[in-house]
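All remarks here apply to the structure that follows.
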Amino acid sequence: MNVIEAAGLGKRYRRSWALRDASLAVPAGHVVALVGPNGAGKTTLLHLAVGLTAPTAGRVTVLGGVVPGTPAALDQIAFVAQDAPLYRNLSVADMLHLTRNLNRRWDQRRAEARLAELAIPLRRKVGRLSGGQQAQLALTLALARRPALLVLDEPLSSLDPLARHDFMASVMAAVAEDGVSVVLSSHVLADLERVADYLILLSAGQVQVAGEVDDLLAGHRMLAGPAEAAGDVAERLAVVHVHRAGALAHLLVRSNGAAEPAPSGWESSPVGLEELVLAYLREPGAAALPGPLVPAGRCAGVTS
Amino acid sequence: MTALAPAVAQPRRPVPWRRLAWVTWRQHRAALAGTAALLGGLAGYLLVEGLIVRHAYAGVTSCRPARSAGCQAVAGMFNDDYYGTAQTLSGILQVVPVLIGVFAGAPLLARELESGTFRFAWTQGCGRLRWVIAKLLPLAVTVAAAAGAFSLLFSWYYQPFFAEHADGALAPQLFGLRGVAFAAWTLAAFAIGAFAGVVIKRTVAAMAASMAVWAGLDLVTVLFARGHYQAPLVVSGANPGYGNNWVVGQWFTGPGGVPVDQTAVRNLVQHAPPSVQDSANPNAVLAWLAQRHYTQWWTYQPHGRFWPFQLIEGGWLLALSVLLLAATVWLVRRRAA
Chain H
0 MNVIEAAGLG KRYRRSWALR DASLAVPAGH VVALVGPNGA GKTTLLHLAV
50 GLTAPTAGRV TVLGGVVPGT PAALDQIAFV AQDAPLYRNL SVADMLHLTR
100 NLNRRWDQRR AEARLAELAI PLRRKVGRLS GGQQAQLALT LALARRPALL
150 VLDEPLSSLD PLARHDFMAS VMAAVAEDGV SVVLSSHVLA DLERVADYLI
200 LLSAGQVQVA GEVDDLLAGH RMLAGPAEAA GDVAERLAVV HVHRAGALAH
250 LLVRSNGAAE PAPSGWESSP VGLEELVLAY LREPGAAALP GPLVPAGRCA
300 GVTS
Chain G
0 MTALAPAVAQ PRRPVPWRRL AWVTWRQHRA ALAGTAALLG GLAGYLLVEG
50 LIVRHAYAGV TSCRPARSAG CQAVAGMFND DYYGTAQTLS GILQVVPVLI
100 GVFAGAPLLA RELESGTFRF AWTQGCGRLR WVIAKLLPLA VTVAAAAGAF
150 SLLFSWYYQP FFAEHADGAL APQLFGLRGV AFAAWTLAAF AIGAFAGVVI
200 KRTVAAMAAS MAVWAGLDLV TVLFARGHYQ APLVVSGANP GYGNNWVVGQ
250 WFTGPGGVPV DQTAVRNLVQ HAPPSVQDSA NPNAVLAWLA QRHYTQWWTY
300 QPHGRFWPFQ LIEGGWLLAL SVLLLAATVW LVRRRAA
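Protein chains in written order, with numbering that gives the first Met the number 0: chain H, 0 to 303; chain G, 0 to 336.
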């Protein structure tokens with residue numbers, strides 16, 4: 000089952016398209032990192048998935064074919080919007096009570112246990128909690144709804160490093176505890192690298208890369224060799240990106256696994272997730288989507 | 000794969016209204032408390048002042064013989080003592096509906112949209128449709144009911160002044176405070192506020208805009224609409240306003256029944272003999288004009304039309320409010336984040 004499935008999905012705000020012709024399938028049981036530069040359409044995609052926005056073009060379904068925003072979808076998807084908006088003038092206890100009254104599914108004990116664990120006082124006003132505590136409270140409210148899918152929009156952007164770590168630890172604990180599927184967005188990949196096992200790279204309103212992190216890493220290699228021979232290699236292999244530094248060139252190529260021998264004179268090494276994402280971000284024309292490999296000899300840009 | 004419950008197998012029983020109403024209460028109890036404090040304070044004052052007025056008025060009604068100069072003096076003293084306060088009070092109360100309506104109505108959705116909390120609220124299990132209805136309906140009914148109860152108290156307070164024929168029931172400064180009008184204008188202010196909030200999405204701007212719209216609507220109603228709810232009656236001669244009717248227009252006709260403008264009449268009166276111009280009798284000028292076949296005509300709404308007019312005004316305000324609230328719900332449903 001796919002927790003999010005989109006076909007030709009597009010959203011236009013007045014004149015400009017925030018998201019265009021996006022087709023993707025996010026399988027269940029993953030922690031999905033939705034990354035992309037600012038303005039790539041991440042928030043728009045998430046808002047479409049949680050039913051806050053209606054698509055201009057195409058269609059999106061969640062949890063195996065449910066239309067976002069319908070009772071069935073709302074029931075099973077918990078969403079924490081950017082900056083974790085909550086009612087600042089309410090106490091934490093009131094916030095729990097309020098969320099409980101807005102939902103059919105609610106686990107009060109879980110919520111209270113989590114807050115006790117985090118040492119967030121129930122009597123304190125939400126507005127007087129630290130940024131990290133507010134984010135944790137928003138996550139607690141989301142998890143107490145026992146969702147099948149947890150959607151987090153830039154959950155870490157306003158948190159300090161320690162709060163980021165604690166927040167992600169909470170998310171991972173929930174994944175381990177009840178196997179909730181998670182989609183979280185960030186423009187900083189480093190935040191998600193350790194936790195995500197599925198990557199969707201969105202750039203300029205288009206899905207550029209989508210796949211399981213392990214598959215993506217196994218399917219790419221970094222080749223290092225003489226710069227003047229880079230063109231020859233590009234003729235034969237699916238080169239995503241060429242980086243030249245003097246006489247040396249680094250090529251990110253798609254491959255069918257490490258077993259494939261490197262061209263003579265070239266040294267092959269595995270690629271890191273961050274390198275991979277940066278390479279694709281620098282090549283808006285390149286794409287790595289589920290399906291057959293792109294044919295060899297395709298154009299690749301060059302940076303130096 | 001996670002253990003996902005199939006969506007179709009979910010229970011279809013929605014979140015109960017009672018629980019959503021608690022959310023509304025918890026979030027807006029400050030606004031409701033403010034309304035209660037404002038109306039309660041004013042009501043307390045009206046109650047005390049009303050008892051004093053009634054006590055004093057008992058002295059007027061028990062005066063015998065009723066038409067004697069002595070009793071007229073007693074009545075005059077009653078008016079001197081209490082009528083000024085009553086007028087000031089009714090002046091102040093004109094703004095109460097818009098205060099309640101706008102303070103309770105405009106921030107209702109504007110604050111959620113302004114602060115981004117709508118993204119929290121609209122993604123909860125109950126769905127935004129039930130959420131917004133559970134906010135609008137109880138609050139609208141509450142503010143309208145509170146205003147209605149308050150205007151009953153005001154009518155009670157003001158009763159002696161009507162009995163003394165100090166004012167007509169249709170007098171603009173009183174019409175909106177009595178009957179169903181006070182509640183209807185409060186409801187309209189609430190609906191305008193809620194609608195402005197979802198359109199403008201800024202709390203302060205929505206409050207300012209809805210106050211302006213409400214005041215404009217009130218002004219247009221009093222000046223141009225209310226006098227035409229039913230065709231006004233036409234009478235010549237004595238001013239029907241003295242019978243507590245609501246005069247909406249007057250003009251003169253000259254000899255042969257031709258309408259003449261006010262300037263011509265004024266010029267004519269200036270040429271009246273001094274005995275007429277200086278007469279102590281206020282009707283002397285009119286009598287003199289009548290001898291010259293000049294007739295004064297009046298259009299007026301008889302005071303007996305109070306309830307039909309109340310129902311007409313209450314009716315269209317209710318329709319307007321329902322329309323605005325429905326539009327607000329529709330906008331919330333359709334609005335993209």
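Where is the CB? At the ideal position from N, CA and C, for every residue including glycine. Nothing here was measured: the structure is a model prediction, and the numbers come from that model.
Note down, one range per segment and in chain order, each alpha helix (DSSP H) of at least 4 residues found wholly within the segment 208 to 238 of chain H.
212 to 217 and 229 to 235
To the nearest angstrom, report how far apart ALA2 of chain G and GLU111 of chain H are at their CA atoms.
As a position in the second sequence, residue 2 of chain G is number 3, starting the count at 1. As a position in the first sequence, residue 111 of chain H is number 112, starting the count at 1. Unreliable positioning characterises ALA2 of chain G in this predicted model, as indicated by a pLDDT of 45, which lies under 50. A coordinate reading is not provided.
Given a limit of 8 Å on CB to CB distance, which residues of the segment 44 to 64 of chain H reach chain G?
HIS46, VAL49, GLY50, LEU51, THR52, ALA53, LEU62, GLY63 and GLY64
Between the segment 73 to 84 of chain H and the segment 140 to 149 of chain G, can you find at least three pairs of beta-carbon atoms closer than 8 Å?
no
Roughly how far, in whole angstroms, is the beta-carbon of GLY131 of chain H from the beta-carbon of ALA162 of chain H, given that I think they are within contact range, below 8 Å?
Counting from 1 along the first sequence, the entry for residue 131 of chain H is found at position 132. Counting from 1 along the first sequence, the entry for residue 162 of chain H is found at position 163. Going by Cβ atoms, the distance from GLY131 of chain H to ALA162 of chain H rounds to 3 Å, so yes, they are a contact pair.
Would the segment 116 to 123 of chain H and the segment 49 to 66 of chain H be scored as touching if the rule is three or more Cβ pairs under 8 Å?
no
Collapsed DSSP secondary structure at ARG12 of chain G in the structure displayed
Along the second sequence, read from residue 1 onward, the residue named residue 12 of chain G stands at position 13. In this structure, ARG12 of chain G counts as coil in the three-state DSSP scheme.
Hey, ALA286 of chain H and GLN207 of chain H: beta-carbon distance below 9 Å or not?
Position 287 of the first sequence, counted from the first residue, corresponds to residue 286 of chain H. Position 208 of the first sequence, counted from the first residue, corresponds to residue 207 of chain H. The Cβ atoms of ALA286 of chain H and GLN207 of chain H lie closer than 9 Å to each other.
Please report the distance separating the alpha-carbon of TRP155 of chain G from that of ARG129 of chain G.
Here residue 155 of chain G corresponds to residue number 156 of the second sequence, with the count starting at 1. Here residue 129 of chain G corresponds to residue number 130 of the second sequence, with the count starting at 1. Near 39 Å, if we compare the C-alpha coordinates of ARG129 of chain G and TRP155 of chain G.
Environment of ARG19 of chain H [buried if 16+ CB atoms lie within 10 Å]
Taking the first residue of the first sequence as 1, we reach residue 19 of chain H at position 20. It counts as buried.
Under 9 Å, do GLY104 of chain G and ALA208 of chain G count as touching if we go by C-beta distance?
Numbered from its first residue, the second sequence carries residue 104 of chain G at position 105. Numbered from its first residue, the second sequence carries residue 208 of chain G at position 209. No.
Assess contact between the segment 256 to 268 of chain G and the segment 195 to 205 of chain G, defined as three or more Cβ pairs (one per stretch) separated by less than 8 Å. Is contact present?
no
LEU98 of chain G versus chain H: which residues are under 9 Å apart at the beta carbon?
Numbered from its first residue, the second sequence carries residue 98 of chain G at position 99. Ordered by position in chain H, no residue passes the 9 Å Cβ test against LEU98 of chain G, which lies about 21 Å from the chain.
Let me know if ALA27 of chain H comes out buried or exposed under the rule of 16 or more other beta-carbons within 10 Å of its beta-carbon.
Position 28 of the first sequence holds residue 27 of chain H. That one is buried.
Tell me the start and end of each unbroken alpha helix (DSSP H) in the segment 144 to 171 of chain H that is at least 4 residues and wholly inside, in chain order.
none
Can you give the beta carbon distance from LEU186 of chain G to LEU316 of chain G, rounded, assuming they're within the 8 Å contact cut?
If you number the second sequence from 1, residue 186 of chain G lands on position 187. If you number the second sequence from 1, residue 316 of chain G lands on position 317. Yes, they are in contact, since the Cβ atoms of LEU186 of chain G and LEU316 of chain G sit about 7 Å apart, within 8 Å.
Chain-ordered residues of the segment 202 to 235 of chain H with a beta carbon less than 7 Å from chain G:
The residues in question: there are none.
I'd like to know whether the C-beta atoms of PRO154 of chain H and LEU183 of chain H end up nearer to each other than 9 Å.
On the first sequence, position 155 is the one that residue 154 of chain H refers to. On the first sequence, position 184 is the one that residue 183 of chain H refers to. Yes.
Please list, in chain order, the chain G residues whose beta carbon lies closer than 8 Å to that of ARG104 of chain H.
As a working note, residue 104 of chain H is residue 105 in the first sequence. In chain order: GLY124.
The beta strand (DSSP E) that contains SER235 of chain G, what's its start and end?
Along the second sequence, read from residue 1 onward, the residue named residue 235 of chain G stands at position 236. SER235 of chain G -> beta strand (DSSP E) spans 232 to 235.
Among the candidates G:ALA35, G:THR23, G:GLY40 and G:ASP80, whose CA atom is the shortest distance from the CA of ILE51 of chain G?
The count along the second sequence starts at 1 and reaches residue 51 of chain G at position 52. Per the C-alpha coordinates, the member of G:ALA35, G:THR23, G:GLY40 and G:ASP80 positioned closest to ILE51 of chain G is G:ASP80.
Is VAL22 of chain G close to chain H? Criterion is C-beta to C-beta, closer than 9 Å.
Residue mapping note: residue 22 of chain G aligns to position 23 of the second sequence, counting from 1. Chain H contact via Cβ: present.
Taking C-alpha atoms, which residue in H:THR42, H:VAL238 and H:GLY224 lies nearest to ALA244 of chain H?
Translated into the one-based positions of the first sequence, residue 244 of chain H becomes position 245. It is H:GLY224.
Residue from H:ASN255, H:ALA248 and H:ALA228 whose Cα sits closest to the Cα of ALA237 of chain H
To locate residue 237 of chain H, count along the first sequence from 1; it is residue 238. Taking only the C-alpha atoms, the option nearest ALA237 of chain H is H:ASN255.
Can you tell me whether DSSP reads ILE119 of chain H as helix, strand or coil?
If you number the first sequence from 1, residue 119 of chain H lands on position 120. Of the three classes helix, strand and coil, the one that applies to ILE119 of chain H here is coil, per DSSP.
Measuring CB to CB, does THR298 of chain G end up less than 9 Å from VAL247 of chain G?
Position 299 of the second sequence, counted from the start, is the residue given in the question as residue 298 of chain G. Position 248 of the second sequence, counted from the start, is the residue given in the question as residue 247 of chain G. Yes.
Quick check on GLN123 of chain G: does DSSP put it in helix, strand or coil?
Counting from 1 along the second sequence, the entry for residue 123 of chain G is found at position 124. Three-state result, GLN123 of chain G: coil.
Can you name the residues of chain H whose CB is closer than 8 Å to the CB of LEU176 of chain G?
Working through the second sequence from its first residue, we reach residue 176 of chain G at position 177. Within chain H, no residue comes near LEU176 of chain G; the closest Cβ sits about 34 Å away, beyond 8 Å.
DSSP on PRO137 of chain G, reduced to helix/strand/coil?
For the purposes of this step, residue 137 of chain G is identified with residue 138 of the second sequence, where counting begins at 1. Here PRO137 of chain G sits in helix by DSSP.
On the criterion of 16 or more Cβ atoms from any shown chain inside 10 Å, does ALA332 of chain G qualify as buried, or is it exposed?
Taking the first residue of the second sequence as position 1, residue 332 of chain G is located at position 333. It should be pointed out that residue 332 of chain G corresponds to Arg in this sequence rather than to Ala. Exposed, because fewer than 16 other Cβ atoms sit within 10 Å of the Cβ of ARG332 of chain G.
Min CB distance ILE3 of chain H to chain G below 9 Å
The count along the first sequence starts at 1 and reaches residue 3 of chain H at position 4. With 9 Å as the cut-off, ILE3 of chain H does not count as an interface residue toward chain G.
Skipping 5 residues on each side, what residues in its chain have a beta carbon closer than 7 Å to that of LEU280 of chain H?
Sequence index remark: in the first sequence, residue 280 of chain H carries index 281 (1-based). PRO36 and SER202.
By DSSP's criteria, LEU293 of chain G is part of a beta bridge. Which residues make up the other side?
Translated into positions along the second sequence, residue 293 of chain G becomes position 294. This sequence places Tyr at residue 293 of chain G; Leu is not what is there. Note: TYR293 of chain G sits in no beta bridge, so no partner.
Using DSSP's beta-bridge definition, name the partner residues of TYR12 of chain H.
Here the question's residue 12 of chain H lines up with position 13 in the first sequence. Bridge partners of TYR12 of chain H: H:SER15.
Use the C-beta contact count for HIS164 of chain G: other C-beta atoms within 10 angstroms, 16 or more gives buried, fewer gives exposed.
The sequence position of residue 164 of chain G within the second sequence is 165, counting from 1. It counts as exposed.
Three or more C-beta pairs below 8 Å linking the segment 302 to 317 of chain G and the segment 164 to 174 of chain G
yes
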